[in-house]
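Working notes, structure below.
Residue numbers (the working numbering), protein chains in the order written: chain X, 1 to 315; chain G, 1001 to 1621.
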C-alpha cells in the first residue's frame, strides 16, 4: 500500500510541472506589454521599466519560467501589488475559508448524492425514484449562483432563519455554531449540481450492479434486502462512483468562485475574481497554481481510496 | 432514424425539453421583429417598475430599462455565445482528437499528455486564468469557455478515432494512395461526426451556463451590453428590495439549461441500445407473483413444486418459460432435471425461492410447498428466512455468482450470520470448517482469498460450501459442474453424494448431462419447452426412454468405448417459448408425430413412478 501511494505521488510530479507550464503559458498570452497592462495607461515609462525588471520580463521566456518555478518551490510566490503582501500568505489564509466551504459541500454532495441514487435505484419507477429524479433534474439545471441568491431571498430575507452572507457574524460571532449557521446556505447551494450528477451516476451504477449474478447469490443466501442493497450492491457500485466523486470535487472546488461572490465568503475564488478585476496577475497566477496543485493531490487520495476498495486493482 | 425519433419522443421529458428549447429559440429569432423597447435606453425616472405595469410587461431594471426586452436580447446573446463556444471547442477538440487517434504513436502520446494536464485543472479555474490573462470581456469569456472544453472533445473523439483507424476501410484508402488529409476528411470525419454532434448536444448547456457564470462575475459581457449572466450580476445588488430583476434572468438560464439537459439525456438514451431493451431495470428482492387459478393440496414431500407457471413479460410479448411443472423431493433423495438450454429448468429452480429476476419474470400459477407450506406469494421475510437456511442454491459459473469484492470467508460467514446470531470469530472458524468439508486444501489461508484469486474448481467448491453453511434440508444445484473439467467434476459429484448420504440432504440437480445424472440421481425429470415430458427412476428412463425426445437426447451422448454407434443430432430447434405450438411442443421435430399430436393438450400419463407426455411412447410405461 505504501509503495502504491509513493508511486502515485511520483507520477504526480510531471502533472504538477505541467500545471505550472500551462499557467505560465496562459499568462504569457497577455496582449501587449504586461507591465503596462498591470500599471494601466497612466504609468510613467520609468515605472513600467522597473516593474518589467521586477517581474523579470526583460529576460527570455524559458529563463523567466525557471526563475518563477524556482521561486515557487522555495515558497516565494511573489508579492501582490493590490494587497501589498506576499501572495502565498494571502492564498493560504483564503484557501482555508474555501476549504471549509468546498469541503463541507463535497461531503454533502457525496452523501446526499449516493443516498439519493441508491434509494432511486432500489425503488426504481416508484414514487421516491420519480421525486428524486425530478429534484436531481432541478439540481443539475439551476445555476448555483442563482440558487444561492434565491436561497438568500427565501431563508435569510423572508424567513430570517439564516444569516444573509459572510463567514462569521460581525458582532459576537466567531465560534463554531456561528460558522455552521453561515455555512449552511452556501454549502448547500454549492453542492446542488454535484449532488445531482452523483445521484444520477449512483442510480445507474446501482441498477447495473443489481442485475449481476452475485446479487442473486446474496438473495439466495437469505441476506436481508437492506444489506443486499447497502452492502453487496453499493460496495461494487462505489468502484464506479468514486472516480466521479474525484471529478465532482474539482467542480465543487472551482464552482466555489460563484458561491463565494454571492455569499461574500472570504475564499480563494473571491480573491481570484478581485485580483482579475484589479489585474493583480501574480496573485491570480499563484492562486491558480496553488488550487490546481491541491486538486492533483486530492485526486491521488481518490485513487488510493479506489485501490483500497477494489482488491482487483494491483497495488 | 425514424425509430430514433420515435424513441426520443416516447420519452416525455425529452419531448418537453425539445418543445421548451424550440420555443425559446423561436422567440429569440423573432426578437428584432417584436415591438420592444430598446434594451439599452435608460430612464432613471422609471426605475424598478413592477411587472405588468403599462408598456413594460416584466417591469424595468435599476436603470429603468425594459426588462422583457433586455431578457430577450440577453437570451439571444447567451445562446449565441454558448453555441459558438461549443462549435469552437468541438472543432478544435475534435481536430486534435482525430490527429492524435489517426497518427497514434508519439503524436498521440504527446497530445494526450497535454490533454491530461489540462484536465488536471479544476474546470472553472482554468477559464478564470485565461480571462485573467486576456482581460474581462464577452469575447474573452467565450474563448476561455471554449478552451477549457477542448480537452473533453479531444479525449472522446480520439477514443472513437483509434477504433476506426485500424479498420479495413482506412487501410484500403491508404493502399489506394490517398494522402493523410484526404483520408481524415473523406473517410474518418464522416464517421466521427455523429459522435461530435452528440457530445456537443450534451455540453452546449454547460457552456451556456459557464459563460453566463463568467458574465455574472463581471468577467464576461460588459455594460451596457448584457447577457443573462451579467443581467443577474447587475441585479444582485438590488436583489433584496427588487427581486424580480434577479428572478427573471435566473429562471431563463434555468429553463435553457434544463431543456437542453432533458433533450440531451433523451438523445443519449435513445441511442443507447441497452436502454432500448429495458435491460437496465433492477430485479426485485422476490419474483413478482400474479397467480391465477387454484393450487393443489399439500403433500408429504419435503419440497414440492406443483403445476408451476413462470412467465417473462417483455413489452407486449409473453414468454412462457415454465408451463405447468410439478416436481417433488423427499429427504435424502436426489432428483435430476434434464433438458436443453432454454427448456425452463433453471427458471423452475429459481422460481422455488422467488429468485427469478423480476421484472421481467412473473409467477402466474401453481405452488411451491416446503414441508407443506406454500411459498409462492409468501411475505418477503418468510421467504428470506428459508433462503439459504432450509433451501440453498448452488449456481453455475462461480466467478460471476460470488461477490468480487468480499473475501470468501466473509461470504461464507455472512451466509450463516444472515440466519443465526453467532460471533464473528465463531463464524470465521465455521467458514474454515466449511472449506475443509468441501476439501479445499489450506482452508485457513484460503479463507482470506478473493474469488478472483482462486481457480474455477476451487470457486465452485466455495459455492457448495456456501450452500452447506446452514445445513439445509434441500439443495438446488443449477449446473454446478458444467464449467469444470472432468476430474474436478467427478470430485464434486462424489462430494455432493456423500453429503446426501451423511446428512439426508435432498438434492434437485439441474443439468443437461446424462452422465452426471446417471451417477448421482435416484429419479430424473426431462424438460422440454417449459414442461416435463418424461419422469421416472433414473435407470428405467435411461434404459428404456419412453418419450421420443428423451430417446433422441440419450442418442446424442457419445459412449466411451461404445463402438461405432451413429451420433444422432436432433434436427430443428426447440420452439420459441413466446410462440408455442398447439399440442405437443416436440411434434415439429419428432418423426413419429401424427395429426393427433398437433391438436389439443397431451397429458402426462403412466404410473406415478414413470410417466410420459406422449401419445405414441417408445416404450409402454
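Ideal placement from N, C-alpha and C gives every residue a C-beta, glycine not left out. Keep in mind it's a predicted model, so treat the numbers as computed, not measured.
Residue 1095 of chain G beta carbon less than 8 Å from that of residue 1200 of chain G
Contact: no.
Beta-carbon spacing of residue 1380 of chain G, residue 1287 of chain G below 8 Å:
Against a cut-off of 8 Å, the Cβ pair of residue 1287 of chain G and residue 1380 of chain G comes out as no contact.
Could you name each continuous alpha helix (DSSP H) segment of 4 residues or more that falls completely within the segment 1010 to 1090 of chain G, going from the start of the chain to the end?
Fully enclosed alpha helix (DSSP H) runs of 4 or longer: 1012 to 1029.
Can you pull the DSSP bridge partners for residue 1597 of chain G?
Residue 1597 of chain G is not bridged to any residue.
Can you give me the C-alpha to C-alpha distance between residue 350 of chain X and residue 1258 of chain G, rounded to a whole angstrom?
Chain X is shown from 1 up to 315; residue 350 of chain X falls before or after that span and cannot be answered.
Which partner residues of residue 1303 of chain G appear in the DSSP bridge assignment?
Per DSSP, G:1329, G:1370.
In its own chain, which residues sit with a C-beta less than 8 Å from the C-beta of residue 1575 of chain G, not counting the 5 before and 5 after it?
Same-chain partners within the cutoff: 1529, 1581, 1585, 1588.
Taking residue 1548 of chain G as the reference, give the member of G:1523, G:1506, G:1519, G:1594 with the closest Cα.
Closest option to residue 1548 of chain G, Cα to Cα, is G:1594.
Between the Cα of residue 1487 of chain G and those of G:1471, G:1516, G:1468, spot the shortest distance and give me the residue it belongs to.
Looking at the Cα atoms, G:1516 is the closest of the given residues.
Between the alpha carbons of residue 234 of chain X and residue 309 of chain X, how many angstroms are there, rounded?
Straight-line Cα distance between these residues: approximately 11 Å.
If we cut at 8 Å on Cβ distances, does residue 176 of chain X have a partner in chain G?
Not closer than 8 Å to any Cβ of chain G, the Cβ of residue 176 of chain X fails to qualify, so no.
Could you name the residues of the same chain whose beta carbon sits closer than 7 Å to that of residue 1184 of chain G, not counting the 5 residues immediately before and after it, in chain order?
The beta carbon of residue 1184 of chain G is closer than 7 Å to those of 1098, 1102 in its chain, skipping five residues each way along the sequence.
Looking only at DSSP bridge pairs, what is residue 1605 of chain G linked to?
Beta-bridge annotation (DSSP): residue 1605 of chain G is paired with G:1612.
What are the residues in the segment 1394 to 1406 of chain G lying within 8 Å of chain X by C-beta distance?
If the cut-off is 8 Å between Cβ atoms, the segment 1394 to 1406 of chain G has 1395, 1397, 1400, 1401, 1402, 1403, 1404, 1405, 1406 near chain X.
Tell me, please, whether the segment 1232 to 1239 of chain G touches the segment 1153 to 1170 of chain G by the rule of three or more beta-carbon pairs shorter than 8 Å.
The segment 1232 to 1239 of chain G, when compared against the segment 1153 to 1170 of chain G, does not touch it at the 8 Å Cβ threshold.
So with CB distances below 8 Å, who are the chain X contacts of residue 1209 of chain G?
For residue 1209 of chain G, the chain X residues whose Cβ falls inside 8 Å of its Cβ are 143, in order along the chain.
Terminal residues of the alpha helix (DSSP H) in which residue 1544 of chain G lies
No alpha helix (DSSP H) holds residue 1544 of chain G; DSSP gives it neither H nor E.
Note down, in chain order, each residue of its chain lying with its Cβ closer than 6 Å to the Cβ of residue 1476 of chain G, except the 5 sequence neighbours on either side.
Cβ neighbours of residue 1476 of chain G within its own chain (closer than 6 Å, five residues either side excluded): 1349, 1393, 1508.
Just to confirm my understanding: we take residue 205 of chain X, look at its own chain, exclude 5 residues before and 5 after, and list those with CB closer than 7 Å. What are they?
For residue 205 of chain X, same chain residues with a beta-carbon under 7 Å away, outside a window of 5 residues either side, are 237, 240, 241 in chain order.
Given residue 1556 of chain G as reference, the closest of G:1514, G:1018, G:1307 once Cα atoms are compared:
For the residues G:1514, G:1018, G:1307, the minimum Cα distance to residue 1556 of chain G belongs to G:1514.
So, do the segment 163 to 176 of chain X and the segment 257 to 270 of chain X have three or more beta carbon pairs nearer to each other than 8 Å?
Counting C-beta pairs closer than 8 Å gives three or more between the segment 163 to 176 of chain X and the segment 257 to 270 of chain X, which meets the contact rule.
Under 8 Å, CB to CB, which of the residues in the segment 1254 to 1266 of chain G have a partner in chain X?
Only 1254, 1257, 1258, 1261, 1262 from the segment 1254 to 1266 of chain G bring a Cβ to less than 8 Å from some Cβ of chain X.
Should residue 58 of chain X be labelled buried (16 or more other beta-carbon atoms within 10 Å of its own) or exposed?
Around the Cβ of residue 58 of chain X, a 10 Å sphere holds fewer than 16 other Cβ atoms; the residue is exposed.
From which residue to which residue does the beta strand (DSSP E) around residue 1334 of chain G run?
Looking at the DSSP string, the run of the beta strand (DSSP E) that includes residue 1334 of chain G is 1334 to 1338.
Rounded to the nearest angstrom, what separates residue 1443 of chain G and residue 1471 of chain G at their Cα positions?
Their Cα atoms are separated by approximately 19 Å.
Residue 1618 of chain G by DSSP, collapsed to three states: which one?
For residue 1618 of chain G, the three-state secondary structure derived from DSSP is coil.
Pick out whichever of G:1032, G:1354, G:1606, G:1553 has its Cα sitting closest to the Cα of residue 1072 of chain G.
Answer by Cα proximity: G:1032.
Quick one: what does DSSP say residue 86 of chain X is sitting in, helix, strand or coil?
The answer is strand: DSSP assigns residue 86 of chain X an E or B state.
Going residue by residue through the segment 1430 to 1463 of chain G, where are the continuous alpha helix (DSSP H) segments of at least 4 residues, counting only ones entirely within it?
Listed in chain order, the complete alpha helix (DSSP H) runs (minimum 4 residues) inside the segment 1430 to 1463 of chain G are 1443 to 1446.
So, are the CB atoms of residue 192 of chain X and residue 142 of chain X less than 8 Å apart?
Yes, the Cβ-Cβ distance between residue 192 of chain X and residue 142 of chain X is below 8 Å.
With a threshold of 16 other CB atoms inside 10 Å of the CB of residue 1314 of chain G, please say whether the residue is buried or exposed.
With fewer than 16 Cβ atoms within 10 Å of its Cβ, residue 1314 of chain G is classed as exposed.
If the cut is a Cβ gap below 7 Å, which residues of chain X does residue 1385 of chain G touch?
Per Cβ cutoff of 7 Å: 222.
Along chain X, in chain order, which residues have C-beta atoms closer than 7 Å to that of residue 1353 of chain G?
Close partners of residue 1353 of chain G in chain X (Cβ separation under 7 Å): 220.
Nearest residue (CA-CA) to residue 83 of chain X, options X:300, X:6, X:50, X:94
With distances taken between Cα atoms, residue 83 of chain X lies closest to X:94.
Can you name, in chain order, every residue of its own chain whose Cβ lies under 6 Å from the Cβ of residue 1227 of chain G, other than the five neighbours on each side?
Here residue 1227 of chain G has 1074, 1077, 1078, 1215, 1221 as same chain residues with Cβ atoms under 6 Å from its own Cβ, once five neighbours each way along the sequence are excluded.
Three-state secondary structure (DSSP) of residue 1277 of chain G:
The predicted model places residue 1277 of chain G with a pLDDT of 47, which falls under 50 and marks its position as unreliable; any figure quoted below should be read in that light. Residue state, collapsed to three classes: coil.
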